[in-house]
Amino acid sequence: MIKVENLDVVYGSKDKSNHVVRGVSFAVSRGEALGIVGESGCGKSTVLRSLAGLEGGWTGSISFDGKRVGKVRTRDELKLAQMVFQDPYGSLHPRHRIGTALAEPIRSMGAGDGWARVAEALQQVGLPVHFASRFPHELSGGQRQRVAIARALILSPPILLLDEPTSALDVSIQAEVLNLLADQREERNLTFILVSHDLSVISHMCDRVLVMQNGVFVDELTKADLQAGVTHASYSHELFDASFL
Amino acid sequence: MSNIVQDDAIIQPPAIGTRIWNSTSRILRKLADEPLGMVGFIILAILVVVAIFAPWIAPYDPAAQTLGDALQPPSLAHLAGTDEFGRDIFSRLVYGTRITIQTVLSVSVIVGPIGLVIGVVAGFFGGRTDAILMRATDIVLSFPSLILALAFAAALGAGLGTAIVAISLTAWPPIARLARAEALVVRNADYVAAARLYGASPMRILFLYIAPMCIPSVIVRLTLNMAGIILTAASLGFLGLGAQPPLPEWGAMISSGRKFMLDYWWVAVMPGVAILLTSLAFNIAGDTLRDLLDPRHARS
Amino acid sequence: MKELSLAELGRRLLHLIVSLFILLCVTFVIGRVMPTDPVGAIVGELADPKAYEAMRVRLGLDLPLYQQFFVYVWGLLHGDMGTAILTGNAVTKDLSQAFPATLELATLAVLISTLIGVPLGLAAGLFRDSAIDKFARVFALVGHSIPVFWFGIVGLVIFYAGLNLVGGPGRVDVFYEGLIEPTTGLMLVDSLLEGETDIFWNALSHIILPACILAYMAMAYITRMTRAFTLEQLNQDYVIAARAKGVGPVRTVISHVLPNIAVQLITVLAISYGNLLEGAVVTEIVFSWPGIGQYMTNALMIGDMNAILAATIIVGFIFMLLNFIADIAYALLDPRTREAAR
Amino acid sequence: MPDLDETPVLSVRGLNVRFGRNSIPAVSNVSFDVGRERIGIVGESGSGKSTTGRAIMRLLPQRAGVTAERMDFLGSPLLEKTERQMGRLRGKDIALIMQDPRYSLNPVLTIGKQVAEAAKLHLGVGGKAAVAHARDMLARVRINDPDRVLSLYPHQISGGMGQRVMIAMMLLARPKLVIADEPTSALDVSVRKDVLTLLDELVRENNSGLILISHDIRMVAAFCERILVMYSGRVVETLSKLEDAAHPYTRGLIAAMPDPKHPVRRLKVLDRKSIEVEINP
Amino acid sequence: ETPANQLVIATSLAQVLSLDPHQATEAKANEIMANLYDRLVSTDGSGKISPQLAEKWEIDDKGITFHLRKAEFASGNPVTSADVVYSITRLLKLDQAAAANLKRVGYNGGNVEKLVTAPDEKTVRIDLSGEVTSELLLYRLAMVIASVVDSKELKSHVVNDDWGNAWLRTNSAGSGPFTLNKWTPNEIVILDASKNYVAGPPKMRRVIVRHVPESQVERLMLERGDIDIASALTATDLATFTGKQGYEIQRVPTGGFYVLSMNASKEPLSNPKVREAIAYGIDYKGMEKAIMGPYGRARTVPVPENFEFAIPSPDWKLDVAKAKALLAEAGYKDGFTVNLKTIAQTPRIDLATAIQASLGQIGVKVNIMQGNGADIIAAHRARDFDLLIPQTGAYMPNVLGAMEQFSSNPDNSLKANNAGNFVWRSGWDIPELTAITAKAALEPDAKKRGALYVQMQEMFVAQKPAVLPLFERYEPIVLTSRVQGYVGHPSQTTRLEGVTKTDK
Ligand SMILES: Nc1ncnc2c1ncn2[C@@H]1O[C@H](COP(=O)(O)OP(=O)(O)OP(=O)(O)O)[C@@H](O)[C@H]1O
Ligand SMILES: Nc1ncnc2c1ncn2[C@@H]1O[C@H](COP(=O)(O)OP(=O)(O)OP(=O)(O)O)[C@@H](O)[C@H]1O
Ligand SMILES: [Mg+2]
Ligand SMILES: [Mg+2]
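From first to last, the protein sequence lines stand for chains A, B, C, D and E. With the first letter of the first sequence counted as 1, position 232 gets the number 220 in our numbering; the numbers rise by one all the way through. Just remember that our numbering sits 10 ahead of the position in the second sequence, which is counted from 1. Just remember that our numbering sits 6 ahead of the position in the third sequence, which is counted from 1. Just remember that our numbering sits 390 ahead of the position in the fourth sequence, which is counted from 1. Just remember that our numbering sits 9 ahead of the position in the fifth sequence, which is counted from 1.
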């Protein structure tokens, strides 16, 4: 479903360049959930943003569903992959009502005014329909993250890119959101890439985990590895240790 | 929370009227906690009322000269005295509110959108667009503003209209900078990234996502600017380049009244007090609005 | 916040120069299309058309606009800003007299407003909603709301005519005029250099009122900004950490908050200073202060383009330079951007 | 000089905190004692953990109404102290370590200045001696090159190092009570453990009391002898072992955390209705 | 307190653009230059010609022969007839506004060398041009424009054939009682006593003329004793010094007028009926009382009332009914709208406001456009106005001196572009009046001339002037009683050599 080869991202100009992602390659098959862990600043988000098309400066190749996509995406390419961001407070426009936020993707794609789909979308993520007339600040973090997920799903993308979708949330609410994501994945046969620094979340959600350090993948762990606590690199060992103290 | 409410109500965006009503009443409620701010808004409200009903409030024609009655001190017949042409100063002050409000509103209506659009476009598109627009802004900003206004008044001929254009010409850069700063923050917000992801066009993002976020601070800034506009207009009036006689522009009134300051204090003091009160009211109102609307200044 | 490297410095310098050039073009065009009549101003009301035309040619006003511009820029590059119609002097010479007068006034004003405004703003921020805060707020707002010319006249009536506390208009009493050789052009400095203490005190008594009035105007802005910055900082975690460490509230403000807002304050002060340099026009008129504001206004009145252009360029340049310096100070003072400069 | 006295360092009874005039209390009726031990406070976001910590330090804004039947530090009531007396206490006898070193260190002062300031304030030493103390303390928190670090600015050091500096600064005067408000949640997973062990070690060495505030119930359980579980301003349960958890809220919290060693298909979700019923029958 | 040996004068120097006597014509500049330079002859307060550099002169029907007295320039050079010839030549060759007064009577750059000669070192001969009588020529030679400059000194400052103009604008080279120490435009003029003055250095070591544009400020300075003489005070400020202990008011007549110029080259002001209606639509008395005060006296004939041969003002006064009737007759029953341009200066801006109000009553709507001097003068020169308020001055104390500029317009065509001519600017075509004026200038017989003068004035009124005089102009000044010997001169050429001051 997703194939990435030799992805390189460099920030900054010649004199002060910052090589953030260094030639990573990976593939994700349809319906699979891939996790990426790593310490802060190692380039996880950058990989995800490059996949989504939010980053302009990458080199290498990215293909969705066998088709190569470029740096500037067409509407059809955008429909293939949507993203959910880390901060539920920042990912909804503070002056758009929830209904508007959910209708916007459809309007932006030029597919009608979108209001018809709002109720359904809200129900799918377990929110009451009357929330459509609320503003984001009238919602809790978890509820916002649900809206963000609903918004990402409203265009029915086969791929969902999740950048630490729960790290700003409480454990209890995190559980709700993780359950919701798992349900949606099952229902729609979604392909996930989930980025997090929390190994326990990753191992709960993912079939396979890539461990990232300084812009490269240093380890790859399967679900079984995680359960057994098996690691193949010293860095992932350290990470594993620290996560479950 | 996860239980799904079966709600088949048809979802409609709420009417614009309700929205405006809601936010105004919210602001009004907050205002109640700010006595000083309340005073500012009340003064402004009075000013607007006076401007609208000027013909009913003013006891005399503001331009009617009675040379025999020149320079009478305040009395029951002339609440604020008369000027050197025997005109009733109170009536002139009352009519002057119209000029003041007209000036302030015209400048704001010109400057607000221009500043907003320039700032937002610069902030959002960044790169070369930003560099060019900001260079222009810097240059206008580094112009001595009163001098530019003077030059402009000299070029177009003195008059209220010229004064408005001249003030507008130098009043937009701070707004543009503010809007840009705001836009720079907003454009990096996740909801803008999300909008790009679902294919919103740059124009859509600019006007539906970024501009609305910049409007409150622009409004606050405009309100604060209004005091400055009044003072600049008064300075132009003082230099004889603002509203032309017999228009009862306050600055011009001071300007001609200052010739009598030592012996007939009311001729210059009355309009001075009017300007002071009005610009004070605008300043207080702007300050309060900022406290209310701008999260950075809000009480934690 | 941008980091400051040599390349960045160069880039900004380039920007400065480009901005100046555009400023020059814009001023030039505005000045030349302005329908004031410098020729009429020189030859006088009754001159006949031939004399009028001859003067027009002599001033080079018969050339096409772009040629006039080239002539001007050419001169400028050679340090020649032309001759002022009003005075017949080289504009540079006039400015070298007018500018120090404004500089002296503005500098004193900015000093006064900083010395009062910053502490007042800090106190207002620290004791939010207290009496001192309310006082500072009203005090500052009033300063922002008074028409300066009105204030100036009232000030003269009270302090000069009424109380006889200060000197009148002008830089010194008239009969001291012309006794001091302008070395720096700053009357206070020059009189001391020549050991004329009488004149020094006289000059001080003359400058103090306009300086205080300008300072009050500027203080309004400085106080409000200082207060806003302080409040912003007081919400920061490091302030709570300092308090938790046992640092008292006043010391927190002085040794923790102040260094943090210093960089922002510098920008504010630079802006205020710039505004004072250019914005003293009306004050200068009220106080017969022979500064650049008055020079420009007079030049404007008769359409003396060389003088207007030069003064605008100088003021614009100073303004941009101040911003530039503030930017650099910003970068140098803030440790987060400093090391890149080394 | 370790204090071997066994009276509780801090004793709190019926602590209430309210923000604003008529809002619901952020902390209500919280009581607990801290001895020379480590106790943890856990709970979801907004449950009043930080507010409790700051109420003890008396660092809440003036508008906050803090009342308590008793809030005694080493036997003397904290609420009765003047601001000046509190100033002397803070940092010397009670210390607060905050969540994110990036924000809680003053960005424009060098590390040396900030740590030395604590020495000046509480050890009554000046200038050079204060710097020397600061250097020693940095070495104690296992910073390799204290001399260099003294002259660095906060943005020049990593988060883990910053948190160690914070600990050094706060523990320099050997306070009797340390309140650590989420000391590791801003840090990278890999350095969390180091910082926590360091903190633990120093607290033990000084024989002080530690209040560890966190939302990570497992981490708190691993470190603390007792755990207070807070829910909407109230302490719902005090535990010494996770396994003893009886309250549905506590159990819900534990169950909501994914555990790779015991994978489940769906995570348990808090049932807030029944918790509300449990709390206000 | 001002020192006893310095005279401090406060005034408005805003219009002073040059201190070259052969260039500047502005009143304030004249006042200064009159003290830097001597002329061949001067006028006294009553208007009589009196000697200055020429101790005596002989008039014949071809011209005048002047005999110079012994005098030195400030530089120490002796004053010779060559200097006089050089000065008049320079005036005409430089051909600035100042030259207009001689050019009008037939002297110009082309004929000056022929007409002005120096038979010997101490004698100057000026031949008549044929367009002027010798008596009137003497008056013109008494003007500041005919100042004698130090040709030796000046020649060393010539650049680009400018006759030393660039230098002389800001310096002095004369034989007057003072020399120019410093002039900063719009700020200050400092004069120093000249050691070489023929009557010995004057008592005042320095004369300081200070630019104080704000009348109230000036008044404060006067009250505080920071200045000795205040001019350009407003009427109200002046009034406070009337009868006040320690101050003296001098009301110096100028022979000039505040004028309402109407643009007769355009509808509807080209219609004499309309102009007459306007003349009936102005409240002269009310304005005199409320605005002009000591600055002016209502007068609608361009000759001061006290001059010989002056006729009384016509019956123009505020008469709304009559004015409306006149307008209706002219076909403007419902009135019309015009603009009124004026310098933003007291009292002219106040005049404008009052005129606006009273014309409003007769149905003429007036929009005031105020501007700076350069703007307004440019509009005036370009005939780009409907109404405009200029002011005039008189160069000699007789009808011709006051009236000539109101009654002479040789060629009214737009093509003539005679922007230096006051009447031309209003587009008022008056061939007969121009002819009589020229005739009067050449009439040697005093009686006949007087008759012509009366005829000129009557014709002026009959033609419903487009340059309507409103008020005779006075220059009131206030002096502290410490100042002795200051006598204001009607053509603003007051000499300060005799001024002394008491100690306090
Ligand atoms: N727009 C940008 N310009 C320059 N550098 C950037 C930019 N965005 C990110 N970086 C740098 O790229 C590196 C990787 O950033 P990235 O956001 O991908 O990290 P991450 O692994 O997602 O970290 P975290 O866990 O903190 O989110 C960091 O060093 C960051 O400073
Ligand atoms: N300064 C304040 N003004 C008003 N309300 C406040 C203030 N500080 C905290 N609160 C409120 O008090 C309650 C408890 O807040 P507190 O910060 O103690 O929660 P917490 O348990 O520390 O949460 P977190 O895990 O998010 O840090 C919350 O409802 C919060 O909104
Ligand atoms: Mg990230
Ligand atoms: Mg907290």
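Glycine residues also receive a C-beta, built at the ideal position from the N, C-alpha and C atoms. These numbers were taken from a predicted model, which means no experiment stands behind them.
Distances taken from the Cβ of residue 490 of chain D to the heavy atoms of ligand 4 include none shorter than 7 Å. With contacts defined as CB atoms closer than 8 Å, residue 353 of chain E and residue 94 of chain B fail to qualify as a contacting pair. Note on the region 10 to 86 of chain E: whole alpha helix (DSSP H) runs with a minimum of 4 residues are 36 to 45, in chain order. A residue is called buried once 16 or more other Cβ atoms fall within 10 Å of its Cβ, and residue 60 of chain A, having fewer, is exposed. Judged by DSSP in its simplified three-state form, residue 403 of chain D adopts strand. At a Cβ-Cβ threshold of 8 Å, residue 109 of chain A and residue 138 of chain A count as neighbours.
Taking 7 Å as the upper bound on Cβ-Cβ separation, chain B lies near residues 70, 71, 73, 75, 78, 79, 80 of the region 68 to 80 of chain A. Collapsing the DSSP output to three states places residue 154 of chain E in a helix. Taking 7 Å as the cut-off between beta carbons, the residues of the region 430 to 462 of chain D near chain A are 434, 435, in sequence order.
Under the DSSP assignment, residue 45 of chain B falls in the alpha helix (DSSP H) whose first and last residues are 45 to 62.
The three-state reading of DSSP puts residue 418 of chain D in strand, counting E and B together. C-alpha of residue 484 of chain E to C-alpha of residue 262 of chain E: approximately 6 Å in a straight line. In terms of side-chain proximity, the C-beta atom of residue 32 of chain A is found nearer than 7 Å to a non-hydrogen atom of ligand 1. Counting C-beta pairs closer than 8 Å gives fewer than three between the region 367 to 386 of chain E and the region 475 to 491 of chain E, which falls short of the contact rule.
The C-alpha of residue 230 of chain C lies about 20 Å from the C-alpha of residue 329 of chain C.
Residue 569 of chain D and residue 464 of chain D have their C-alpha atoms some 15 Å from each other.
When DSSP states are grouped into helix, strand and coil, residue 143 of chain C belongs to the helix group. Along the region 131 to 165 of chain A, going in chain order, the ones with a CB nearer than 9 Å to a CB of chain D are 157, 158, 159, 160, 161, 162, 163, 164. Neighbours of residue 150 of chain C in chain B, taken as residues whose beta carbon is under 9 Å from its own, are 234, 237, 238, 241, 289, 290, 293 in chain order.
Under the three-state reduction of DSSP, residue 467 of chain D is assigned to strand. A residue is called buried when at least 16 other Cβ atoms come within 10 angstroms of its Cβ; residue 87 of chain B does not meet this threshold and is exposed. Secondary structure note for residue 665 of chain D: its alpha helix (DSSP H) is the uninterrupted segment 662 to 669.
DSSP links residue 346 of chain E through a beta bridge to E:374. Apart from sequence neighbours up to five positions away, the residues of its chain that approach residue 560 of chain D with a beta-carbon distance below 6 Å are 485, 487, ordered along the chain. Contact check between the region 205 to 225 of chain B and the region 86 to 100 of chain A: three or more CB pairs, one atom from each, fall below 8 Å, which counts as touching. In the DSSP assignment, residue 518 of chain D falls outside any beta strand (DSSP E) and lies within the alpha helix (DSSP H) extending over 517 to 530.
With a cutoff of 8 Å on beta-carbon distance, residue 96 of chain E and residue 270 of chain E are scored as not near each other.
For residue 253 of chain C, the nearest CB of chain D lies under 8 Å from its own CB, placing it at the interface with that chain.
Chain D has a Cβ within less than 8 Å of the Cβ of residue 188 of chain A.
Contact between the region 122 to 130 of chain A and the region 37 to 53 of chain A is not established, with fewer than three Cβ pairs separated by less than 8 Å. Here residue 318 of chain C has 33 as same chain residues with Cβ atoms under 6 Å from its own Cβ, once five neighbours each way along the sequence are excluded. Within the region 206 to 232 of chain A, contact with chain D at the beta-carbon level (separation under 7 Å) is assigned to 214, 215, 226, 227, 230, 231. Rounded to the nearest whole angstrom, the C-alpha separation of residue 99 of chain E and residue 313 of chain E is 33 Å.
Using a 10 angstroms sphere on the CB of residue 80 of chain C, the tally of other CB atoms stays under 16, which defines it as exposed.
When beta bridges are read from the DSSP output, residue 257 of chain E appears opposite E:488.
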